Structures are given as structure tokens and as C-alpha cells.
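K.L.:
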Amino acid sequence: MDALLNVQEGERMKEKYRVVQILEDDFGCEERQEDQETMVIVILADAFGNSKTIRQTDSWMYHEELGEGDEAFLIDDKLRKALGANWTEQCNNMNVPQFLELMERLKKGEQCNCPFCGGTVSMTEGLDGKYKYACDSCDMYFETELK
């Protein structure tokens, strides 16, 4: 099993966690209101075995395809799934139109989170239709020719 890593980003560290357990949130005797989103309690563990408990929407956990045993970064109070050893398989199964939309947004100056380390990915070069995108925290980068 790979060691969990901390990734330096500016003055703060992004820490990778392992999802230990996912529990249904208890709304008490009032119960959940109809307009209230279903929440889950997520127990996380860092590389040192320290645990942390957070609440996430159930729909977000499904969106990120997060389950017990998965590794994730906690970014802006939301869990983001980290790519594992099978990252090439995940990329091969990626929604191509969604990926192209992301590339267009990156070309316009937007940023996204690195799926490997949780750092920030942005376009670092753009010349004659060739674009280079890189992470500011790890050595991940890729080049593409998008029209």
C-alpha cells in the first residue's frame, strides 16, 4: 500500500486521507426535513493514524465515487478523490466531452485540483495552439493541441 503524502501548497499543507468509514447522519428526533440534503458522516485517517470526522452530502460522495478504503484530499471542506495506482484506467474511462470542457476552462485561465496530489493545475504555456498544463505542487504536467 502506498504511503500517504503531504503536499506543500504555498504556506499550507494538503493532506491525503483514507476514508475509514461512512455512516448515515443522525438527524435526531426532528428527523431530516424534506428540503434538506441527505448527509453522511465520514471518518478519515491520515498517514499517522490520526482520525478526523467530517460531514459530506451523500450526493457528493457518489459524485466523487468515494467509498471506504479510498484516498482523498479535503479541499475547501469537500473530499476530492485522489487517483490511485489505476489512474490510467480511470483516465481511459473519462467522459471525453467533460474533459474537453475542462481543458477549455483551463485555457481561459481557470484552475482545477490535481487528481494526484490535490495541488492546483493551471495552463502554464500556450503557444501556436499547443498548451502545457502543470500542477504547482507535484511534477504532473501534460501538453495538448486543442483547437
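Taking my numbering as reference, the numbering of the sequence shown is continuous, increasing by one, and the terminal residue is 182.
Beta carbons: idealized from backbone N, C-alpha and C, even for Gly.
Computed from a prediction, not measured in an experiment: that's the story for all the values here.
How many angstroms separate the CA atom of Thr179 from the CA atom of Asp93?
P.N.:
Roughly 35 Å between the two C-alpha positions.
K.L.:
For Asp81 and Gly161, what's the separation of their Cα atoms in angstroms?
P.N.:
For Asp81 and Gly161, the distance between alpha carbons rounds to 37 Å.
K.L.:
In whole angstroms, what is the alpha-carbon distance linking Glu46 and Ser172?
P.N.:
Its pLDDT being 36, under 50, Glu46 is placed unreliably by the model, and nothing is read from it.
K.L.:
Would you list the one or two residues that DSSP bridges to Lys51?
P.N.:
Paired residues: Phe108.
K.L.:
Are the C-beta atoms of Glu69 and some chain C residue less than 8 Å apart?
P.N.:
Looking at the structure shown, chain C is missing, and only one protein chain is on hand.
K.L.:
Under a Cβ-count criterion, where at least 16 other Cβ atoms within 10 Å of its own Cβ denotes burial, should Met48 be classed as buried or exposed?
P.N.:
Any answer about Met48 is weak, because its pLDDT of 46 lies below 50 and its placement is not dependable; what the coordinates show is given next. Flag for Met48 reads exposed.
K.L.:
Excluding the 5 residues flanking Arg115 on each side, which residues of the same chain have their C-beta closer than 7 Å to its C-beta?
P.N.:
Excluding residues within five positions, the ones whose Cβ falls inside 7 Å are Glu99, Ala107, Phe108, Asn148, Gly153.
K.L.:
What did DSSP end up calling Lys29 once you bin it into helix, strand or coil?
P.N.:
There is no way to answer for residue 29, as the model of the chain reaches only from 36 to 182.
K.L.:
Here's the rule I'm using: 16 or more other beta-carbon atoms within 10 Å means buried, otherwise exposed. How should Arg90 be labelled?
P.N.:
Counting Cβ neighbours within 10 Å, Arg90 comes out exposed, since fewer than 16 surround it.
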